[in-house]
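What follows is a set of notes on a single structure, which appears directly below.
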Amino acid sequence: MDLDVLYEIDVPKPWNGPHPHGQRTAEQRAYREAVEQIRLADRVGFRTVWAVEHHFREGRSHCPAPEVLLGHLAALTERIRLGFGVTLTPFGFTPPQRIAEKVAAVDVLSEGRVEWGTGRSTPMEQTAFGVDREQSRSDWREAIEIVTGMWREEYFAYESERFSFPRRMVTPKPVQDPHPPCWMAATSPGSAEVAGAAGLGLLSFSIMQPLEAMARQVAAYRAAARTPAPITDVTTDRVSAYTLVHVADRPSRRVWDSVAWWYRNLAQFTLDWELPHLTPEERERTFPFLTPIIEGNVPVEEFDDGDMILIGDAETIVRKAKRYADLGIDQLICYVQWGYLEHREILRTIEILGKEVIPELASYRPRRAAP
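Written out as structure tokens, the structure is:
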């Protein structure tokens, strides 16, 4: 199993100083520190860095333009792959031709190191961009087919009820032939099955759900991936999962406070924007810990005890990570910049993961296949 890193650019409040100076100072520092951390991850052997596309997520995610961050990193790194985690593909966010251009440009600048993740986003973002939630399902799929067609064909033209594009040469073309590996973000066994059937890699998580729930997603994906009907020219049969990771021999109270802040922030956002669009059964299946978190009935240590987050010394991290490998995870995405953690702590986490954890996981053979 490989280790990746993921960045949302957390900038937790309160910000020091009046508007706009406090926010600007905090954001600039967070970006500078993230770049330094990612450069270290490149040197110590992480496989991929994933940069999200989120909009208007104050405090939790200040990374609306992953192509800019990844383009910058292309010139500053040598080996680490550069993942769009994910591009919001429904037409209202960004036209497919702009997605094709931006992703391919990063692939060119990085000499073929791009991984392209795709997703539909959240109702909060969809509403602000005028994206219809139900229509976004078909838009997502159609946009992937359009983007990969623009990469594959010298000249491309397209006509449908939802999108029209005259015959043009879309430039540049990606370095990877015919195009970069493609992934899909999924939050349920149903959406994981869609990813597997479409020949896309699975971007999953162990956030606000026990590992048994994530295992069901992996199982659904693997079953569908056995007989795929690929919608791209590259079949990506890999599963990744992301979670909070921090290396510390004796985690301080501030570490646990950061976990609590992160989970409460995510739970409140989910309560405000996701739950109105889900049935009670879908809510319980997808976010079983949501209500207890909001009510303050789940000690943050419980997430650690259940291996939903990875916090501890290197030996502890290895032991917990092996459980993910046993569930069929190919790439464990380490979310290392979160909450109130200090830059020096994050650098130490990345260095120890690279020197002590990555070699152990590289030689580990999972005890059983994915369920």
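Counting in the numbering used here, the sequence shown runs from 62 upward without gaps. By construction, the Cβ of each residue, glycine as well, lies at the ideal position given by its N, Cα and C atoms.
Three-way DSSP call (helix, strand, coil) for residue i in this model
{"i": "Glu176", "result": "strand"}
{"i": "Val208", "result": "helix"}
{"i": "Leu64", "result": "strand"}
{"i": "Arg104", "result": "helix"}
{"i": "Trp201", "result": "helix"}
{"i": "Gly144", "result": "strand"}
{"i": "Arg194", "result": "helix"}
{"i": "Thr188", "result": "helix"}
{"i": "Pro432", "result": "Annotation note: pLDDT 43 at Pro432 (below 50); position unreliable, coordinate value reported separately. Coil."}
{"i": "Phe154", "result": "coil"}
{"i": "Leu261", "result": "coil"}
{"i": "Arg311", "result": "coil"}
{"i": "Leu388", "result": "coil"}
{"i": "Phe217", "result": "strand"}
{"i": "Val397", "result": "coil"}
{"i": "Tyr303", "result": "strand"}
{"i": "Arg121", "result": "coil"}
Sub-7 Å separation of residue i and residue j beta-carbons
{"i": "Leu67", "j": "Ile394", "result": "yes"}
{"i": "Thr109", "j": "Glu176", "result": "yes"}
{"i": "Pro289", "j": "Ala258", "result": "yes"}
{"i": "Gly262", "j": "Ser319", "result": "no"}
{"i": "Asp200", "j": "Pro250", "result": "no"}
{"i": "Tyr216", "j": "Arg202", "result": "no"}
{"i": "Ala166", "j": "Met211", "result": "no"}
{"i": "Ile354", "j": "Tyr396", "result": "no"}
{"i": "Ile99", "j": "Leu134", "result": "yes"}
{"i": "Val96", "j": "Ala246", "result": "no"}
{"i": "Ala386", "j": "Val418", "result": "no"}
{"i": "Gln398", "j": "Ile407", "result": "yes"}
{"i": "Trp322", "j": "Val361", "result": "no"}
{"i": "Ala189", "j": "Pro157", "result": "no"}
{"i": "Lys383", "j": "Leu371", "result": "no"}
{"i": "Phe107", "j": "Leu64", "result": "yes"}
{"i": "Pro241", "j": "Asp294", "result": "no"}
{"i": "Leu388", "j": "Val279", "result": "yes"}
{"i": "Ala253", "j": "Tyr219", "result": "no"}
{"i": "Ser14", "j": "Thr304", "result": "Coverage of the chain is limited to positions 62 through 432, which leaves residue 14 absent and any answer about it impossible."}
{"i": "Ala91", "j": "Trp76", "result": "no"}
{"i": "Gly260", "j": "Thr296", "result": "yes"}
{"i": "Ser182", "j": "Leu131", "result": "no"}
{"i": "Trp334", "j": "Pro125", "result": "no"}
{"i": "Asp298", "j": "Ala286", "result": "yes"}
Where the alpha helix (DSSP H) containing residue i begins and where it ends
{"i": "Met230", "result": "First-last for Met230: undefined, no H or E at that position."}
{"i": "Ile411", "result": "404-413"}
{"i": "Leu43", "result": "Residue 43 lies beyond the stretch modelled for the chain, which goes from 62 to 432, so this question has no answer here."}
{"i": "Val279", "result": "272-286"}
{"i": "Glu128", "result": "127-137"}
{"i": "Phe364", "result": "361-366"}
{"i": "Ile419", "result": "419-423"}
Status (buried if at least 16 other CB within 10 Å, exposed otherwise) for residue i
{"i": "Ala112", "result": "buried"}
{"i": "Ser301", "result": "buried"}
{"i": "Lys74", "result": "exposed"}
{"i": "His82", "result": "exposed"}
{"i": "Ser197", "result": "buried"}
{"i": "Pro420", "result": "exposed"}
{"i": "Thr232", "result": "exposed"}
{"i": "Met62", "result": "buried"}
{"i": "Gln392", "result": "buried"}
{"i": "Lys163", "result": "buried"}
{"i": "Thr340", "result": "exposed"}
{"i": "Asp103", "result": "buried"}
{"i": "Lys416", "result": "exposed"}
{"i": "Arg121", "result": "buried"}
{"i": "Met504", "result": "There is simply no residue 504 to check, as the chain begins at 62 and stops at 432 in what is shown."}
{"i": "Gln89", "result": "exposed"}
{"i": "Gly373", "result": "buried"}
Range covered by the beta strand (DSSP E) that runs through residue i
{"i": "Ser249", "result": "No beta strand (DSSP E) contains Ser249, which DSSP labels as neither H nor E."}
{"i": "Ile372", "result": "371-373"}
{"i": "Thr109", "result": "109-112"}
CB-CB length for residue i against residue j, believed under 8 Å
{"i": "Cys243", "j": "Thr179", "result": "7 Å"}
{"i": "Phe145", "j": "Pro127", "result": "5 Å"}
{"i": "Val72", "j": "His123", "result": "5 Å"}
{"i": "Glu172", "j": "Val129", "result": "Not really, about 18 Å apart at Cβ, beyond 8 Å."}
{"i": "Glu214", "j": "His404", "result": "Actually they do not touch by this definition, with Cβ atoms about 45 Å apart."}
{"i": "Gly367", "j": "Pro271", "result": "6 Å"}
{"i": "His307", "j": "Leu402", "result": "7 Å"}
{"i": "Met269", "j": "Ala309", "result": "No, Met269 and Ala309 are not in contact; Cβ-Cβ is about 23 Å, not under 8 Å."}
Residue i beta carbon near the ligand PLP (any heavy atom closer than 6 Å)
{"i": "Val167", "result": "The ligand PLP is absent from the structure shown, which contains no ligands of any kind."}
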